[in-house]
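According to my numbering, the stretch in the sequence shown is residues 27 to 584, in order. Just so it is clear, CB atoms sit at the ideal spot from N, CA and C, and this is done for glycine as well. Predicted model only: the values in this text are computed from it and were never measured. Here is the structure we will look at, set down as structure tokens.
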Amino acid sequence: MDDTNPVKADCPGVLYDRAQTMECSVNQVITNCGLRFPVGTRVSYKCKKNYIPSGVRPDDYQEIWKVSVCQQNNNWWGDNEFPGFNCIIDYGKFYVSPSRVLLVMGGRLVNPLNFPWHAVIFVRYNREYKCGGTLISVDLILTAAHCTFKSEGTAENPYQPYELEVILAPVSGIYGDNFLSRSQKLLLSQIIRYNQGGSYQGQINYYKYDVALLRLIYPAQLNQYVHPAKLPNGYDIISDTMIMQVNGYGTTSPYISQVKPSNEFYGTNVLPNSPQCLSDPEITNTIDPTSQFCTTPTDAGSGVCSGDSGGGLFKREANDHWSMQGLVSFGYSAADSSGRACFSVVIFTRVQFFLPWIYQNMQSLPVVTPSTGTTSSARQILPSLTRSSAVPPDIANQVALSLHNSYRQRHGSPPLQIDYNLVSAAQEYVNSIVANNLGTEPKSGAPYGQNTYEVTGVAFPSDEAVRKAVTSWYNGISEYFWSAPLSSTYKGFSFSQVVWKSSLRLGVGVASQTDRSVVIAFYSPAGNIPNLQSYKDNVFPPQCGSETCNSHGSTHCL
27 MDDTNPVKAD
37 CPGVLYDRAQ
47 TMECSVNQVI
57 TNCGLRFPVG
67 TRVSYKCKKN
77 YIPSGVRPDD
87 YQEIWKVSVC
97 QQNNNWWGDN
107 EFPGFNCIID
117 YGKFYVSPSR
127 VLLVMGGRLV
137 NPLNFPWHAV
147 IFVRYNREYK
157 CGGTLISVDL
167 ILTAAHCTFK
177 SEGTAENPYQ
187 PYELEVILAP
197 VSGIYGDNFL
207 SRSQKLLLSQ
217 IIRYNQGGSY
227 QGQINYYKYD
237 VALLRLIYPA
247 QLNQYVHPAK
257 LPNGYDIISD
267 TMIMQVNGYG
277 TTSPYISQVK
287 PSNEFYGTNV
297 LPNSPQCLSD
307 PEITNTIDPT
317 SQFCTTPTDA
327 GSGVCSGDSG
337 GGLFKREAND
347 HWSMQGLVSF
357 GYSAADSSGR
367 ACFSVVIFTR
377 VQFFLPWIYQ
387 NMQSLPVVTP
397 STGTTSSARQ
407 ILPSLTRSSA
417 VPPDIANQVA
427 LSLHNSYRQR
437 HGSPPLQIDY
447 NLVSAAQEYV
457 NSIVANNLGT
467 EPKSGAPYGQ
477 NTYEVTGVAF
487 PSDEAVRKAV
497 TSWYNGISEY
507 FWSAPLSSTY
517 KGFSFSQVVW
527 KSSLRLGVGV
537 ASQTDRSVVI
547 AFYSPAGNIP
557 NLQSYKDNVF
567 PPQCGSETCN
577 SHGSTHCL
């Protein structure tokens with residue numbers, strides 16, 4: 027080789043956080059996706075198990091290797107531009123071979139591998155079984171608020187984080203049985219109880235707001251035994267024909283005097299809003315249908331029992347995915363059920379109601395130091411692993427959808443819905459902006475409305491970036507001129523697109539590098555039609571109601 031003209035490793039690999047979610051192969055040899063590669067290198071790549079490509083709907087995903095070739099111009103050519111390929115967690119998917127799947131009918135044994143998001147919660151000092159829970163991200167467990175208090179049925183004597191312990195991939199409700207290497211025993215850094223517009227008060231308010239988040243000190247290690255659940259969509263409807271499944275290690279004895287946790291994983295199918303629920307005025311008059319719902323088992327003799335509290339209720343979707351619709355709150359105690367530990371009528375907390383609060387509490391992961399010997403490059407390895415790689419576009423878009431619809435309701439506009447074609451287009455465009463270090467100009471010639479947002483100097487997790495973006499766009503209301511909307515500033519037009527009445531569909535894309543986050547939103551039909559009547563027909567002042575409005579002429583609710 028001529029040392030005066032060496033072959034340079036010109037083509038960059040993927041960023042460090044993305045490299046953890048991908049498999050790469052050169053000449054059929056697995057290699058680090060984060061390296062730089064010489065000209066002519068042919069790299070095959072795909073998402074690791076438990077991950078899917080960003081922008082792909084889980085139901086449509088088929089696992090295939092993609093191929094890119096390093097070109098002389100420092101770029102990649104092939105199926106995708108290799109450095110821009112991004113994999114996200116395939117939430118709610120279980121990976122058990124069909125021969126090992128056990129069907130559940132009426133309180134029978136369940137294969138715990140079918141529900142790798144199930145967690146059990148123990149009291150540390152005596153290793154007493156407390157409750158069930160659900161892993162919803164690498165560092166968060168969703169459970170019932172009453173599981174985080176020492177006093178039954180009250181909001182008194184709360185547990186401190188150091189007093190509880192979580193086991194993932196459990197094999198039993200008995201602490202000492204969980205000795206298999208697959209089980210992960212994790213401590214807590216924080217207990218977060220719902221407190222927005224109300225808080226858990228126990229029996230006083232019929233267990234309303236019975237929801238809490240447990241933040242883990244260290245993130246869970248995802249594998250075939252441990253995998254986060256899929257949260258519901260913002261538009262899921264729980265109907266009286268939707269059979270769902272609840273599982274747990276709660277007692278199998280029907281009597282309180284014989285209560286002890288089970289060493290086997292049981293499940294039962296339940297029917298929400300059944301005739302038995304709807305015909306009892308004591309039930310219908312006490313629960314809050316916006317944040318709670320009632321169920322009964324589909325099979326006689328089965329039910330939810332003491333110890334199942336905090337566990338998730340799941341709806342089976344296409345392609346072996348499950349979405350979490352509720353969590354066990356309390357069993358309805360009829361007059362003749364005194365002393366019983368299992369109940370045929372069970373009230374669940376409606377997870378969908380709490381989605382904005384859940385997303386608000388999702389934060390970045392602890393710092394992860396890259397292993398020594400990693401090849402350095404002009405594209406620097408991220409100094410920390412942010413949760414942006416672990417936040418799927420579905421969650422980022424649900425955050426965007428929730429915030430948009432909250433603002434739109436304030437202005438009398440109908441709610442938006444997620445359009446996956448718009449999501450894909452927005453993600454593709456934002457990837458090209460970040461990969462090529464371009465400005466955040468609206469996409470030229472696009473047939474949809476657009477909003478853009480950029481922050482530099484720091485890279486945010488994608489859900490946090492989206493939250494900042496939508497808030498910034500809406501705050502443009504202060505620069506929207508109600509008497510002369512066509513003279514509004516750029517920020518004012520960002521606001522008007524957020525609340526534009528005729529826009530019905532939304533798709534958001536997010537991309538980040540070490541010191542930059544960019545968010546792009548596409549809307550259809552497009553807003554900001556450049557004539558005065560269109561603005562009068564589509565952008566309305568906020569309906570403040572009892573809220574306080576300012577005196578700047580914009581009637582901006584404070």
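Contact check between the segment 247-260 and the segment 220-232: fewer than three CB pairs, one atom from each, fall below 8 Å, which does not count as touching. Annotation: Thr174 to Ser428 spans about 28 Å, alpha carbon to alpha carbon. By DSSP's assignment, Glu480 forms a beta bridge with Val544. Contact between Ser514 and Pro551 fails: their C-beta atoms lie close to 20 Å from each other, not under 8 Å. Cys303 has its alpha-carbon roughly 7 Å from the corresponding atom of Ile309.
In this structure, DSSP gives Cys173 a helical state, which the three-state scheme calls helix. In this structure, the CA atom of Tyr233 is about 50 Å from the CA atom of Leu558.
Note on Leu464: under 16 other CB atoms within 10 angstroms of its CB, so exposed under the neighbour-count rule.
Secondary structure of Ala491 (DSSP, three-state): helix. Counting other Cβ atoms within 10 Å of its Cβ, Leu168 reaches 16 or more and is therefore classed as buried. Straight across, the Cα-Cα distance linking Leu297 with Ser209 is about 31 Å. By the Cβ neighbour-count rule, Thr478 is buried, with 16 or more other Cβ atoms within 10 Å of its own. In the structure shown, the three-state DSSP call for Thr497 is helix. Annotation for Gly158: the continuous beta strand (DSSP E) segment containing it runs 154-163.
For Glu308, the enclosing alpha helix (DSSP H) has its first and last residue at 307-310. If you draw a straight line from the Cα of Ala145 to the Cα of Leu161, it is about 7 Å long. Of the residues assessed, Thr267 falls on the exposed side of the cut-off, its CB having fewer than 16 other CB atoms within 10 angstroms. In this structure, the straight-line span from the alpha carbon of Val525 to that of Leu242 is close to 37 Å.
In this structure His437 is in contact with Phe566, their Cβ atoms being roughly 5 Å apart against a cut-off of 8 Å. For Trp103, the pairing in a beta bridge is given by DSSP as Val95. Nearest in C-alpha terms to Phe63, of all of Lys341, Pro254, Cys96, is Cys96. In the structure shown, Phe108 adopts helical secondary structure according to DSSP, grouped into three states. Nearest neighbour of Gly39 by Cα position, chosen from Arg219, Ile555, Arg68, turns out to be Arg68. The Cβ atoms of Leu194 and Ile218 lie no closer than 9 Å to each other. Note that the C-beta distance between Thr466 and Ile546 is below 9 Å.
Between Ser51 and Tyr77, the C-beta spacing is not below 9 Å. The beta carbon of Pro441 is closer than 6 Å to those of Asn431 in its chain, skipping five residues each way along the sequence. In this structure Gln523 touches Tyr549 by the C-beta definition: roughly 6 Å separates them, less than 8 Å. Take the alpha-carbon of Gln271 and the one of Phe340: they are about 5 Å apart.
Annotation: the continuous beta strand (DSSP E) that includes Ile373 extends over 372-376. In the three-state DSSP reduction, His253 falls in the coil class, being neither helix nor strand. In the same chain as Pro468, and ignoring 5 residues on each side of it, the C-beta atoms closer than 8 Å to its own belong to Gln476, Thr478, in chain order. Inter-residue distance for Tyr201 and Glu189 is about 15 Å (C-alpha atoms, whole angstroms). Under DSSP, Thr322 shares a beta bridge with Leu297. For Asn564, the enclosing alpha helix (DSSP H) starts and ends at 558-564. Counting the other CB atoms within 10 Å of its CB gives Phe205 a total below 16, which places it among the exposed residues.
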